[in-house]
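The block underneath contains the structure these notes are about, expressed in structure tokens.
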Amino acid sequence: MADIRDNKEALKWQIEMGVDEIIGEKPVNRFLEEDLKVAKPTSNVSPSHNVNPPKPKPKPKPVEKPPQENINPLDPVTEATQLVADVRSLEDLRKAILEFPHCSFRNTSNNLVFSDGNPEAWLMILGEAPGYEEDIKGKPFVGKSGRLLDKIFSDTGISRSNSKPHDSFYITNTINWRPPGNRNPIKNEIDMFRPFVRKHIELINPKILVLTGNIACTAILNQQGITKLRGKWLNIDNLDIMPIVHPAFLLRNPTFKKNTWQDVLAIKKKLVEME
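Position 239 of the sequence shown, counting from 1, maps to 239 under my numbering, and the rest follow consecutively.
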């Protein structure tokens, strides 16, 4: 009780002396105390009993390996050679050319231009590539230059529609799809079609092969310069070969018609000798 009376007397004395503030032994931040009072109480729920436990992290998806590229893809010539290895008929050959994926011409062409004429003919004519009219009709040499070629040979008694082997011809092209804009095929395009051309010749098995223009000469002889090659007989693997200028060249250069006529007469003479 004495302590209480002493404290009262001390407080009374301080009031009489004009004391209006309480000073403690150490400074205290009263604002901080207010913040602590209004702070949210911590949860009493233990971590092991969390009402909303964190969702487990999803397992990472396995990384898919990219498809393995063919380390040694076949080049077009090799693939064409393999395609024709099992070809036994003209229909097989036609199908092989249709399935050959490396010729971009087929994406811009209307039709495959395979062949026309008598498959039993002794005479086979190899052209260059289809033009606009050939692409539309799906037959080789049916345009203006083709009609000129028909006229020249028919004047010697030879035609594509004749059923007699020694008086008819079978005709095809080095390239069986029309190049865009009727441009000339380039070397790698000729190279990729060479296996098909050789197989075509093998299936027809002609006695005489006529090469019309530089593209055909490149495919078979690996040579160009048709004005120098024309009119000269060649023999490869017991096959008689005669290069002549392309009829489209004759339309642009009519002065060569005389030379072409002489070449066709020589072909006719050779056929007569074979009868």
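Note that beta-carbon positions come from the ideal geometry of N, C-alpha and C, so glycine has one too. The model shown is predicted, which means the values in this text are computed figures rather than measured ones.
What are the residues that DSSP puts in a beta bridge with Gly-181? According to DSSP, which records beta bridges pairwise, Gly-181 is partnered with nothing at all.
With H, G and I counted as helix, E and B as strand and the rest as coil, what does DSSP make of Asn-293? There is no way to answer for residue 293, as the model of the chain reaches only from 1 to 275.
For the alpha helix (DSSP H) holding Ile-267, just list the boundary residues, first then last. 257-274
Asp-92 (DSSP reduced to helix, strand or coil): Asp-92 falls in the helix class under three-state DSSP.
Opposing strand residues paired with Thr-218 [DSSP bridges]: According to DSSP, which records beta bridges pairwise, Thr-218 is partnered with nothing at all.
Given this structure, state the Cα-to-Cα distance separating Gly-143 from Thr-108, to the nearest angstrom. Counting only the Cα atoms, Thr-108 lies some 19 Å from Gly-143.
Could you check whether the stretch 189-209 touches the stretch 76-84, counting it as contact only if at least three pairs of C-beta atoms, one from each stretch, sit closer than 8 Å? yes
Would you kindly check if the distance between the Cβ of Leu-126 and the Cβ of Leu-211 is under 7 Å? yes
Does the beta-carbon of Lys-139 have 16 or more other beta-carbons within 10 angstroms, so that it is buried, or is it exposed? buried
Got a sec, what are the start and stop residues for the beta strand (DSSP E) Pro-243 sits in? 239-244
Identified DSSP bridge partners for Gly-231: Bridge partners of Gly-231: none, in fact.
Label Tyr-132 either buried or exposed according to how many other C-beta atoms from any shown protein chain fall within 10 Å of its C-beta, with 16 as the threshold for buried. exposed
State buried or exposed for Pro-195, treating a residue as buried only when at least 16 other CB atoms are found within 10 Å of its CB. buried
Report the three-state DSSP secondary structure of Ser-109 (helix, strand or coil). coil
Using CA coordinates, which residue listed in Phe-141, Arg-147 and His-166 is at the minimum distance from Asn-173? Looking at the Cα atoms, Phe-141 is the closest of the given residues.
Could you check whether the Cβ of Lys-8 sits closer than 7 Å to any Cβ belonging to chain B? No chain B is part of this structure, which consists of one protein chain only.
Output the distance between the C-alpha atoms of Glu-275 and Thr-156, rounded to the nearest integer angstrom. 15 Å
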